[in-house]
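Protein chains in written order, with my numbering: chain A, 31 to 180; chain B, 31 to 180. From the three backbone atoms N, C-alpha and C, an ideal C-beta is built for every residue, glycine too. One structure below.
Number of protein chains: 2
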Amino acid sequence: MADLERIISRLEERGHRLTPARLAILATVASRKRYFTVDDISRMLPQVGRATVFRTMKLLTEMDVVCRVLLEDGSLRYQMSRRGHHHHLVCTRCGAVQDFTDCDVSSLVDQLARQTDYEIEGHWLEVYGRCGKCRAGTGAPAEAAGAAAP
Amino acid sequence: MADLERIISRLEERGHRLTPARLAILATVASRKRYFTVDDISRMLPQVGRATVFRTMKLLTEMDVVCRVLLEDGSLRYQMSRRGHHHHLVCTRCGAVQDFTDCDVSSLVDQLARQTDYEIEGHWLEVYGRCGKCRAGTGAPAEAAGAAAP
DNA sequence: TGGTAGGTGAGAGCAGGTATCAGCAGGGCG
DNA sequence: CGCCCTGCTGATACCTGCTCTCACCTACCA
Numbered sequence: 031m032a033d034l035e036r037i038i039s040r041l042e043e044r045g046h047r048l049t050p051a052r053l054a055i056l057a058t059v060a061s062r063k064r065y066f067t068v069d070d071i072s073r074m075l076p077q078v079g080r081a082t083v084f085r086t087m088k089l090l091t092e093m094d095v096v097c098r099v100l101l102e103d104g105s106l107r108y109q110m111s112r113r114g115h116h117h118h119l120v121c122t123r124c125g126a127v128q129d130f131t132d133c134d135v136s137s138l139v140d141q142l143a144r145q146t147d148y149e150i151e152g153h154w155l156e157v158y159g160r161c162g163k164c165r166a167g168t169g170a171p172a173e174a175a176g177a178a179a180p
Numbered sequence: 031m032a033d034l035e036r037i038i039s040r041l042e043e044r045g046h047r048l049t050p051a052r053l054a055i056l057a058t059v060a061s062r063k064r065y066f067t068v069d070d071i072s073r074m075l076p077q078v079g080r081a082t083v084f085r086t087m088k089l090l091t092e093m094d095v096v097c098r099v100l101l102e103d104g105s106l107r108y109q110m111s112r113r114g115h116h117h118h119l120v121c122t123r124c125g126a127v128q129d130f131t132d133c134d135v136s137s138l139v140d141q142l143a144r145q146t147d148y149e150i151e152g153h154w155l156e157v158y159g160r161c162g163k164c165r166a167g168t169g170a171p172a173e174a175a176g177a178a179a180p
């Protein structure tokens with residue numbers, strides 16, 4: 031995957047070392063189709079310490095390589111990220127996540143700023159629903175994808 | 031506070047008992063001006079068990095008496111709730127929370143539904159910024175309010 | 001090739017939350 | 001009045017997600 035190479039060179043640019051643990055975590059993360067927990071990765075890589083997975087996920091989150099997905103119950107998951115600010119549309123049945131950026135949040139934020147005299151610095155928006163496949167009954171349940179909600 | 035009495039009668043209507051522990055938790059929660067953790071309440075009521083505070087907070091959350099506030103780092107806090115669906119505008123400096131309902135999220139959601147063939151079921155929106163007082167330098171820091179972020 | 005800063009795994013520890021369990025209390029019933 | 005049933009309680013163990021510490025290792029550069 032060319033994406034992987036791009037990420038690796040960004041790691042190098044930032045002065046991070048390319049260790050076997052990091053490469054294994056990167057490859058595993060990149061292979062996941064849906065959101066996942068640190069524990070999912072850790073279980074798939076028993077030779078890598080749990081702390082290392084957490085450290086690497088933190089690093090990748092800072093680099094915008096992965097992003098955090100907030101589920102409806104308030105728990106957090108991870109998934110490969112498109113770069114830059116975006117939001118998630120999460121299927122509550124199969125766990126598929128669709129990113130979106132072209133949204134009206136900024137106009138909403140402007141409106142809020144005018145109404146409240148807050149200086150808006152950021153926001154968090156996640157949208158939940160059922161994807162087309164799941165509505166048609168052909169979507170894989172979250173369990174089968176290994177990305178189950180708790 | 032008349033609010034407290036209304037909540038108490040709603041508890042009774044639902045067949046819940048009015049125990050000293052519940053009344054103490056309710057009074058403490060109602061007295062908080064900003065968001066708080068379960069631990070804050072637990073420390074203010076050492077005579078009430080931690081598990082009881084968690085149980086009562088869960089009950090109050092289900093009853094829409096309190097709601098959960100998502101902080102920028104993904105951690106959850108609680109605060110007294112206005113009833114019904116609403117969002118939070120959180121001051122990142124002093125922890126003040128302003129509710130808002132009159133937002134354009136529904137039009138955004140409609141737009142998303144059209145674009146993606148998801149059937150939208152819900153969403154989570156939190157907005158972060160600095161309130162007027164904090165920008166003017168007169169806002170109380172979160173610490174002083176006993177509602178500090180970690 | 002060797003030195004070293006950065007990375008590692010193991011394991012302890014912490015925060016937030018749930019499960020379990022024996023005991024208490026208050027309301028209904030005989 | 002006394003009994004029982006049910007809901008509630010505090011204590012405590014446990015769980016999950018995550019961070020910290022520490023001694024050891026190693027990728028990378030001179």
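- Along the stretch 40-127 of chain B, the beta strand (DSSP E) occurs as fully enclosed runs of 3 or more residues at 96-100, 106-110, 117-121, listed in sequence order.
- In this structure glutamate 149/A is not in contact with arginine 40/B, their Cβ atoms being roughly 37 Å apart against a cut-off of 8 Å.
- Counted as a single uninterrupted DSSP element, the alpha helix (DSSP H) harbouring glycine 162/A occupies residues 162-166.
- For glutamate 156/B, the nearest CB of chain A lies under 7 Å from its own CB, placing it at the interface with that chain.
- Under the 8 Å Cβ criterion, the stretch 118-135 of chain A does not count as touching the stretch 82-91 of chain A, having fewer than three qualifying pairs.
- Pairwise C-beta distances place the stretch 93-112 of chain B in contact with the stretch 66-78 of chain B, as three or more of them are shorter than 8 Å.
- With a threshold of 7 Å between beta carbons, glutamine 77/A makes no contact with chain B.
- Only residues of its own chain outside the window of five on either side were considered, and among them Asp94 have a CB closer than 8 Å to the CB of arginine 113/B, listed in chain order.
- For histidine 118/A, the closest of Gly125/B, His153/B, His118/B, Val99/B by C-alpha to C-alpha distance is His153/B.
- Inclusion of aspartate 103/B and histidine 116/B in the CB contact set at 7 Å is not warranted, their separation being larger than that value.
- Looking only at Glu92/B, Ser72/B, Ala143/B, the smallest Cα-Cα distance to arginine 165/A is reached by Ala143/B.
- In terms of beta-carbon proximity, cysteine 161/A lines the interface with chain B, with at least one pair separated by less than 7 Å.
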